[in-house]
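Here is the structure we will look at.
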Amino acid sequence: MAIREVLGLYRDLDSAVAAADALREAGFSRSEFEVLSNAPYPEGTFGEESGIHRLFVFPLIGAACGFAAGLLITGGTQLSFPLLTGGKPLLSIPPMIIIMYEGTMLGALIFTVLGVLFESRLPWIGRALYDPRITQGYIGILVRTAPEREAKAIEALRKANPEDILTENGNVGKQPARS
Amino acid sequence: MQERHRLGEEEITRELFRPLVTTTPMMWVGFIGLGAVLAIFVFAVSWMFYWGLGVTGLQRPNMWGFMIVNFVFWIGISHAGVMISAILRLTQAEWRRPVTRAAEVMTIFSLMTAMLHPVIHTGRPWRTLYWVFPYDFWRNLWPDVRGPLVWDPSAILTYLTGSTLFLYTTMIPDMALARDRTTGWRRVLYTILALGWRGNERQWKMQTIAGFLLSGLILPVFVSVHSIVSWDFAVSLVPTWHATVFAPYFVIGAIHSGVSAVVTLMALMRWLFRFDHYIRLEHFDAIGRLLIAVGTGWLWFFLLDIFFAIYPQEARELEIMQFRLFQWPFNVLTALIFIFGYFIPVPIWIFQRFRRNVKIMFWTSILVNVGMWAERYWLIKPGLMRKYELTFDWNWYRPSIVEVSIVLGSFALVGFLLLVFSKIFPPISVWEEKEGQHFAQQLQVGKRVVNAIVREF
Numbered sequence: 045m046a047i048r049e050v051l052g053l054y055r056d057l058d059s060a061v062a063a064a065d066a067l068r069e070a071g072f073s074r075s076e077f078e079v080l081s082n083a084p085y086p087e088g089t090f091g092e093e094s095g096i097h098r099l100f101v102f103p104l105i106g107a108a109c110g111f112a113a114g115l116l117i118t119g120g121t122q123l124s125f126p127l128l129t130g131g132k133p134l135l136s137i138p139p140m141i142i143i144m145y146e147g148t149m150l151g152a153l154i155f156t157v158l159g160v161l162f163e164s165r166l167p168w169i170g171r172a173l174y175d176p177r178i179t180q181g182y183i184g185i186l187v188r189t190a191p192e193r194e195a196k197a198i199e200a201l202r203k204a205n206p207e208d209i210l211t212e213n214g215n216v217g218k219q220p221a222r223s
Numbered sequence: 158m159q160e161r162h163r164l165g166e167e168e169i170t171r172e173l174f175r176p177l178v179t180t181t182p183m184m185w186v187g188f189i190g191l192g193a194v195l196a197i198f199v200f201a202v203s204w205m206f207y208w209g210l211g212v213t214g215l216q217r218p219n220m221w222g223f224m225i226v227n228f229v230f231w232i233g234i235s236h237a238g239v240m241i242s243a244i245l246r247l248t249q250a251e252w253r254r255p256v257t258r259a260a261e262v263m264t265i266f267s268l269m270t271a272m273l274h275p276v277i278h279t280g281r282p283w284r285t286l287y288w289v290f291p292y293d294f295w296r297n298l299w300p301d302v303r304g305p306l307v308w309d310p311s312a313i314l315t316y317l318t319g320s321t322l323f324l325y326t327t328m329i330p331d332m333a334l335a336r337d338r339t340t341g342w343r344r345v346l347y348t349i350l351a352l353g354w355r356g357n358e359r360q361w362k363m364q365t366i367a368g369f370l371l372s373g374l375i376l377p378v379f380v381s382v383h384s385i386v387s388w389d390f391a392v393s394l395v396p397t398w399h400a401t402v403f404a405p406y407f408v409i410g411a412i413h414s415g416v417s418a419v420v421t422l423m424a425l426m427r428w429l430f431r432f433d434h435y436i437r438l439e440h441f442d443a444i445g446r447l448l449i450a451v452g453t454g455w456l457w458f459f460l461l462d463i464f465f466a467i468y469p470q471e472a473r474e475l476e477i478m479q480f481r482l483f484q485w486p487f488n489v490l491t492a493l494i495f496i497f498g499y500f501i502p503v504p505i506w507i508f509q510r511f512r513r514n515v516k517i518m519f520w521t522s523i524l525v526n527v528g529m530w531a532e533r534y535w536l537i538k539p540g541l542m543r544k545y546e547l548t549f550d551w552n553w554y555r556p557s558i559v560e561v562s563i564v565l566g567s568f569a570l571v572g573f574l575l576l577v578f579s580k581i582f583p584p585i586s587v588w589e590e591k592e593g594q595h596f597a598q599q600l601q602v603g604k605r606v607v608n609a610i611v612r613e614f
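Chains as they are written, first to last, in the working numbering: chain A, 45 to 223; chain B, 158 to 614.
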């Protein structure tokens with residue numbers, strides 16, 4: 045099913061919140077629009093954000109992989125080159141712990157960053173409506189909806205005094221065109 | 158006390174991007190001055206490579222000298238950057254915002270500089286690299302994981318990788334901001350680094366959680382790294398090195414010198430980039446209070462190290478300790494460490510009016526690091542240059558001009574890299590400053606209006 049995008053740009057927070065409220069009143073669910081800004085706002089400013097994430101799983105997987113790699117390197121090297129020193133056991137546990145610890149932490153760190161990128165859907169190379177004014181401080185409300193509801197979305201966004209409204213066909217203006 | 162100025166979005170962006178677009182005369186002086194010292198550094202290293210380690214003061218049994226001392230010093234400096242950043246993020250301390258980016262960058266450049274030292278210290282680094290990369294597995298030879306010289310690179314590389322990822326993750330939103338405001342090669346660079354960041358709620362949520370998660374993960378690594386660096390010495394049998402207290406002692410020493418280096422950096426950023434609205438006196442006040450605690454903790458471990466050397470009454474330990482405390486030039490060095498590392502700066506930091514004086518904070522932080530460099534030398538050298546049982550030969554260590562140039566050049570290298578970084582990337586996190594503005598509110602308390610930070614817990 046084709047999805048159309050509409051981006052409303054707002055100069056201040058109050059207008060953006062009003063636009064989010066107007067969209068909800070018009071029957072748009074929270075998963076149908078997202079808020080774009082240049083800095084995070086406290087959670088719940090624009091209503092409950094949808095979407096669960098599994099970021100906390102990534103460091104655990106990374107830690108397990110790193111631990112396994114550390115074990116393999118330390119145990120494997122000592123067993124591959126069995127050099128008995130002073131009649132002591134071949135596998136020397138204390139130094140193995142050091143390498144395994146560093147391996148565990150390295151794995152957890154790398155996988156956390158991979159998790160952050162994955163859960164943030166980065167790198168983003170697809171097409172989506174965007175305006176550089178967002179990083180200047182404007183707040184964007186991006187609606188993704190069915191083509192037949194596009195006009196309704198534009199109408200809702202216009203209620204909150206937008207600076208501009210952009211669609212895939214270009215700027216449609218903040219006021220409806222006079223016939 | 159909140160001394161925050163209400164700043165507009167555009168004003169914050171313009172001011173924090175200023176170093177990227179304008180180069181002040183002071184910055185030029187910095188570039189030229191540091192570049193000149195860096196040229197001496199390159200010449201000294203090249204000279205040493207050409208003529209061999211004979212041009213240094215290294216000889217038996219003093220095979221570790223200025224370069225290894227400097228390695229330990231820079232590892233120490235690198236520690237506080239990420240530590241400060243991580244602790245302040247975890248505790249959601251509001252004054253972290255202008256400090257974290259520069260502290261993290263300092264960590265990375267200090268670590269890189271530190272890692273350079275053991276490599277050039279080999280005298281013929283290309284031969285070392287030839288035998289290490291790729292490792293000679295085909296002859297069934299493996300690194301001995303039982304040796305600290307394998308633990309050390311594994312820990313440092315973990316820390317460097319983690320710190321770099323930590324810094325990069327928190328820089329992505331600012332890369333998007335830079336992407337939208339630049340043209341030419343800068344736009345290409347920032348577009349690649351921004352990874353298509355758009356700033357939706359999910360991305361901000363991940364960014365916030367990433368701050369906590371990565372901080373929580375990097376802190377144990379930070380503690381482990383300097384512990385492991387201390388084991389380069391502590392697991393040997395050299396008197397005064399062979400001490401169980403070395404790991405925490407090195408860590409607290411690293412924090413003392415590193416936090417002081419953050420103060421130096423904050424003062425320089427305020428003067429060079431005119432970031433008075435962001436790096437405020439309240440920040441110096443807060444970090445000064447932290448330094449009193451850290452410095453006193455360091456003093457305790459410094460005394461413990463001496464105490465543990467004396468208490469068992471072992472002849473070889475006493476011999477070196479007597480040498481360190483009472484014989485020229487180490488007796489003077491001991492006094493310098495005490496005075497510069499603690500007895501001048503800490504009593505000064507007790508007074509709030511001094512903590513809120515940028516010049517005094519700058520010079521006391523420099524003093525601490527002079528003391529801490531001397532402390533590294535004091536810890537490492539006497540044990541090597543003194544006779545005790547089973548010592549085949551012993552000798553004084555006299556650093557050559559080449560080694561002195563390398564040490565001075567390392568400071569220029571870190572400074573130069575920091576300046577180059579601030580010409581390409583904003584040295585203060587722009588999005589975090591803007592986030593701080595969202596939380597800053599004015600509250601009516603009785604008849605008064607006071608500045609406050611409103612935060613959801």
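C-beta: ideal position from N, C-alpha, C; glycine also.
Check                                                                                                                                                                                     : Outcome
Look at the alpha carbon of Met410/B and the alpha carbon of Leu565/B, and state the distance between them as a whole number of angstroms.                                                : Here the sequence assigns Gly to residue 410/B, which means Met is not the residue at that position. The straight-line gap from Cα to Cα measures roughly 21 Å.
When you compare only the Cα positions, how much space is there between Pro255/B and Met426/B?                                                                                            : 10 Å
Can you give me the C-alpha to C-alpha distance between Asp208/A and His274/B, rounded to a whole angstrom?                                                                               : 56 Å
With a 10 Å radius around its C-beta and 16 neighbouring C-beta atoms as the bar for buried, classify Ala46/A as buried or exposed.                                                       : exposed
Give every residue of the same chain whose Cβ lies closer than 7 Å to the Cβ of Val386/B, excluding the five residues on either side of it in the sequence, and list them in chain order. : Val229, Ile232, Asp309, Phe407
For chain B, find out if any of its Cβ atoms is closer than 8 Å to the Cβ of Pro103/A; answer yes or no.                                                                                  : yes
Kindly list the residues whose CB is nearer than 6 Å to the CB of Pro176/B, restricted to its own chain and excluding five residues on each side of it in sequence; keep chain order.     : Phe430, Ser579
May I ask you to report which of helix, strand or coil DSSP gives Gln249/B?                                                                                                               : coil
In the structure shown, what three-state DSSP assignment does Ile169/A receive?                                                                                                           : coil
Can you name the residues of chain A whose CB is closer than 7 Å to the CB of Val378/B?                                                                                                   : Met149
Just to confirm, is the Cβ distance from Ile412/B to Met240/B under 8 Å?                                                                                                                  : yes
If I follow the unbroken beta strand (DSSP E) through Arg48/A, where does it start and stop?                                                                                              : 48–54
Rounded to the nearest angstrom, what separates Trp204/B and Val559/B at their Cα positions?                                                                                              : 8 Å
Going by Cα to Cα distance, which pick from Phe458/B, Phe464/B, Glu474/B is closest to Gly498/B?                                                                                          : Phe458/B
Kindly indicate if chain B contains any beta-carbon less than 8 Å away from that of Pro139/A.                                                                                             : yes
Considering Val79/A, what are the terminal residues of the beta strand (DSSP E) in which it resides?                                                                                      : 77–80
Check Val402/B in the structure and name its three-state DSSP category.                                                                                                                   : coil
If the cut is a Cβ gap below 7 Å, which residues of chain B does Glu212/A touch?                                                                                                          : Result: empty, since nearest Cβ-Cβ is about 16 Å, beyond 7 Å.
Verify the CB distance criterion: does Thr326/B have a CB-CB separation below 8 Å to chain A?                                                                                             : yes
Going by DSSP, name the residue or residues bridged to Gly184/A.                                                                                                                          : Leu53/A, Leu80/A
Which residues does DSSP list as the beta-bridge partners of Ile209/A?                                                                                                                    : Gly52/A
Helix, strand or coil: how does DSSP classify Leu600/B here?                                                                                                                              : strand
Using a Cβ-Cβ cutoff of 8 Å, what residues of the stretch 337–353 of chain B are near chain A? List them in chain order.                                                                  : Asp337, Arg338, Leu352, Gly353
For Pro84/A, would you say it is in contact with chain B, using Cβ-to-Cβ distances shorter than 8 Å as the test?                                                                          : yes
Using only CA atoms, which one of Ile375/B, Val561/B, Pro469/B, Trp485/B lies nearest to Ile225/B?                                                                                        : Val561/B
Please report how far the alpha carbon of Gln479/B lies from the alpha carbon of Leu541/B, in whole angstroms.                                                                            : 14 Å
Who are Gln216/B's beta bridge partners in DSSP?                                                                                                                                          : Asn219/B
State the start and end residues of the unbroken alpha helix (DSSP H) segment that holds Ser359/B.                                                                                        : Here residue 359/B turns out to be Arg, not Ser, going by the sequence shown. 358–391 is the extent of the alpha helix (DSSP H) around Arg359/B.
Which runs of the alpha helix (DSSP H) at least 4 residues long sit entirely within the stretch 88–175 of chain A? Give them in chain order.                                              : 101–124, 137–163
Could you check the C-alpha separation between Met518/B and Trp398/B for me, to the nearest Å?                                                                                            : 33 Å
Just the chain A side, please: which residues come within less than 9 Å of Ile375/B by C-beta, in chain order?                                                                            : Met149, Leu153
Do you know how far the Cα of Val178/B is from the Cα of Ile494/B?                                                                                                                        : 42 Å
For the candidate residues Thr401/B, Gly319/B, Val416/B, whose alpha-carbon lies nearest to that of Leu370/B?                                                                             : Gly319/B
Residues of chain B with a CB under 9 Å from the CB of Pro191/A: which are they?                                                                                                          : Those within 9 Å of Pro191/A in chain B number zero; the least Cβ separation is about 22 Å.
Evaluate contact between the stretch 61–77 of chain A and the stretch 192–201 of chain A, counting only Cβ atoms and requiring at least three cross-stretch pairs below 8 Å.              : yes
Am I right that Ala259/B and Ile523/B are in contact with their C-beta atoms under 8 Å? What's the rounded C-beta distance?                                                               : Not quite, the Cβ-Cβ distance comes to about 17 Å (not below 8 Å), so this is no contact.
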